[in-house]
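Below: the structure, in structure tokens.
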Amino acid sequence: MSDSHDSIDARLDRLELPFNARGVDPYGISKDHLRTWFKFFGFLYRTYFSVHSHGHENIPKRGRAMLIGNHSGGVALDGAMVVAGSFLELDPPRLAQGMAEKFINAMPFASTWTSRVGQLTGLPEHAQRLLEDDRLLMVFPEGAKGTAKLYKERYSLVDFGTGFMRLALKTKTPIIPLGFVGGADAIPTIANSKLLGKLVGAPYVPITPWLLALPRPAPCEVHYGAPLIFSGTGNEDDEVIVRYVDEVKARIAELIERARDTRRKRKKLLPLGGDK
Amino acid sequence: MKVLICGISGAIARKLALTLLEKGHQVAGIDVRPWRSAPPGVEVHTVDLRKRAAEDVFRKFRPNAVVHMATVTSLVVSGEERYRINLGGTQAVFEHCRAYDVEHCVFVGRHTYYGAGPDVALYHTENEPPHALGKFPELSDLVAADLFAANALWRLPQLCTSVLRICYTLGPSGQGTLGTFLRGRAVPMVFGFDPLFQFLHEDDVAQALLLTLEKRPRGVFNVAGPQPLPLTNVAREAGRMTIPLPEFALALALGRGGLPSLSSGAVQHLKYPVVIDAKVFKKAVGFDHRYDELETIRDFARAFPSGGQTGTHGMTS
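Given below as structure tokens:
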């Protein structure tokens, strides 16, 4: 592994995406936007949340792969940190491409920024095309229900969608499970306001003890597991797919426990009196 | 081969006519607009495609192949008349193809068939239906013409039909939807949105049409070349200034103060991209573009340097 603290520009130059002469790839991902994005999220990753990453060597250096993880509460901070980690910890750096909620693409600025940094709208067509182009796809099968978890539910897993498994089988893609903890400590949700959500065009807005969903500097931990490879066509009966999905879910639950354990051992003083 | 081009006075149709002539084919054309500088080898009939005189051209010329490019966008003709030109004209072309034993008909359609919206995927394939048509009703007649052309695939089995859904075109003629949009000094944008635009150099479009006539692929095909670019990049490369306006203000400002005229539905295409996957066409006819996206913009900008006129001459997109 190379020095993960080399410059954002040096990492951008090593990012293996087919940029044109103006630094734009066929999906509209822009080097200029990535530079700004990773400067900001790199600061959050390294300093503000001091994310500790374990097992990221399980992510293939090249070729299609699917990062499947849990939402740790609050807004999708976990997703942003996994994207930052794939860029900052891997060599060559990789761009993890998430599947953004549909309402985001209808919002000014959010629409442009998510597109320019490769976080496309969560559609099966996008997921399949990215994998067929040998990209690194990031999926949180809990969806919006996962980000809506309250602080007290932060280590639980809600129901997983099954679409990712059918796609993994169809496209013969290895699944890299990940367990993330810390999101709910940064943004401890005590309630979700659907009314405020309606006003801003989102399904809900998380309410924290300090009202706004502004994150505080809570340490985060992410553990990646060894690749899981399932064989099949993607056309299997639901019970087969659900069994495979449950295997992934169980593996993620183990990784969450491992992440809690390593975080407990960190000497840094944790807000809210430490992990429970 | 005897080729009849409907809509021959457009920039791309002319290029196609000249290339076919060079290759030793016989070329005739129909258009309500005259082509005064047409070379002697090209028969140009200044008639309306929907009138009896157009049928006479089919009867007398007896083409082996017909290229139907005589459809218009809402930039050029509005209301019922556009509906009559696009649907009535397309119906007439296929009817005459059937009546006069034409072997191959190429319908030149647009990639905007697929529509744009916040939950519409990038890279449409040919088997997708149109999306978000309700938001852009001015497109409905072009979509209907495309579907009518496509149903010739089963309705007229003796006729080889190629339905092409071509991305925006750009080049020194400045014609077409994108060329018209970029002609002025300023490019209006919806504040907070910067959609991808996919375009092909007009010489490459003529080449794609030539290959279609030569290879006669049967079916529906997306036609595109280089990768798409965000609108801000397109404007910057063309030396244009962008003017981002909130959506309501943009709707009021269009067509005023040197900004291009667009129908209100077209604003949807300034928020969300329409991008197509053209792999099937490339494989079917062996097409590859000669101009990349930056060369294409430069070629347009050389002919229309910043500060040029805003026009509404677009006939094909």
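Protein chains in written order, with numbering that gives the first Met the number 0: chain C, 0 to 275; chain H, 0 to 316. Glycine included, every Cβ here is placed at the ideal spot set by N, Cα and C. Nothing here was measured: the structure is a model prediction, and the numbers come from that model.
Closest by CA to residue i, which one among the options?
i, options, result
"H/D229", "H/G178, H/D100, H/N85 and H/F198", "Here residue 229 of chain H is Pro; the residue named in the question, Asp, does not match the sequence. Closest by alpha carbon: H/F198."
"C/G182", "C/G145, C/S6, C/I175 and C/A225", "C/G145"
"H/V219", "H/Y113, H/E201 and H/R297", "H/Y113"
"C/A225", "C/L254, C/E238, C/P202 and C/I175", "C/I175"
"C/M98", "C/L213, C/S85, C/G142 and C/I206", "C/G142"
"C/P276", "H/D193, H/A207, H/L121 and H/C166", "In the structure displayed, chain C extends from 0 to 275; residue 276 of chain C sits before or after that span and is not available."
"C/K197", "C/F102, C/L14 and C/C219", "C/F102"
"H/R255", "H/T72, H/H268 and H/P187", "H/P187"
"C/P92", "C/T111, C/S71, C/V199 and C/G41", "C/G41"
"H/T168", "H/E80, H/L208 and H/S77", "H/L208"
"C/I228", "C/K264, C/M164 and C/L87", "C/M164"
"H/D203", "H/C5, H/F135 and H/T18", "H/T18"
"H/T69", "H/F303, H/Q25 and H/R81", "This sequence places Ala at residue 69 of chain H; Thr is not what is there. Selected option, being the one with the closest Cα: H/R81."
"C/W112", "C/P187, C/H53 and C/T35", "C/T35"
"H/L251", "H/V266, H/G238 and H/R109", "H/V266"
"C/E256", "C/L135, C/D77 and C/R153", "C/R153"
"H/P117", "H/E292, H/A234, H/P272 and H/F286", "H/P272"
"C/K193", "C/G117, C/Y47, C/P202 and C/P187", "C/P202"
"H/T45", "H/D55, H/D30, H/R58 and H/R51", "H/D30"
"H/I275", "H/V233, H/V119 and H/K22", "H/V119"
"H/R83", "H/L48, H/L195 and H/N221", "H/L48"
"H/N126", "H/E137, H/F135, H/G133 and H/H110", "H/H110"
Measure the C-alpha to C-alpha separation of residue i and residue j and round it to an integer number of angstroms.
i, j, result
"H/P39", "H/A27", "11 Å"
"C/G233", "C/T161", "10 Å"
"H/I7", "H/H67", "9 Å"
"C/R250", "C/Y243", "11 Å"
"H/T241", "H/T179", "15 Å"
"C/V204", "C/V74", "9 Å"
"H/G191", "C/F179", "32 Å"
"H/S305", "H/R182", "8 Å"
"H/C104", "H/V162", "8 Å"
"C/R259", "C/K248", "17 Å"
"H/E236", "C/V221", "42 Å"
"H/E246", "H/N85", "29 Å"
"C/E246", "H/I11", "57 Å"
"C/P17", "H/H130", "29 Å"
"H/R61", "H/R289", "33 Å"
"C/L87", "C/S49", "13 Å"
"H/R301", "H/I4", "29 Å"
"C/L94", "C/A9", "14 Å"
"C/G121", "H/E201", "34 Å"
"H/C96", "H/W153", "14 Å"
"C/E15", "C/D31", "15 Å"
"H/F93", "H/P33", "23 Å"
"C/L177", "C/L33", "23 Å"
"C/P107", "H/L244", "11 Å"
"H/C159", "H/P216", "8 Å"
"H/K59", "H/A205", "26 Å"
"H/G87", "H/E294", "37 Å"
Who pairs with residue i in a beta bridge, going by DSSP?
i, result
"C/M137", "C/L66 and C/G97"
"H/L163", "H/V107 and H/F220"
"C/E29", "Reading the sequence as shown, one finds Ser at residue 29 of chain C and not Glu. DSSP lists C/V23 as partners of C/S29."
"H/A64", "H/V2 and H/H103"
"H/L244", "H/V189"
"H/H44", "H/I29"
"H/H123", "H/I275"
Grouping DSSP H, G and I as helix and E and B as strand, with all else coil, what is residue i?
i, result
"H/V142", "helix"
"C/F108", "coil"
"H/T70", "coil"
"H/H130", "coil"
"C/P123", "helix"
"H/G88", "helix"
"H/G28", "strand"
"C/S52", "strand"
"C/L11", "helix"
"C/L326", "A question about residue 326 of chain C goes unanswered here, because the residues of chain C that appear run from 0 up to 275."
"H/P39", "coil"
"H/L228", "strand"
"H/G78", "helix"
"H/H288", "coil"
"H/N150", "helix"
"H/K14", "helix"
"C/N234", "coil"
In chain order, each alpha helix (DSSP H) run of at least 4 residues that lies wholly inside the stretch 154 to 232 of chain C
If one requires a minimum length of 4 residues, the alpha helix (DSSP H) runs lying completely within the stretch 154 to 232 of chain C are 162 to 170, 182 to 185 and 193 to 199, in chain order.
Counting only runs that start and end within the stretch 168 to 222 of chain H, where is the alpha helix (DSSP H) found for 4 or more residues in a row?
For the stretch 168 to 222 of chain H, whole alpha helix (DSSP H) runs of length 4 or above, ordered along the chain, are 175 to 181 and 201 to 214.
Uninterrupted alpha helix (DSSP H) stretches inside the stretch 231 to 284 of chain H (no shorter than 4 residues):
Runs found: 246 to 252 and 278 to 284.
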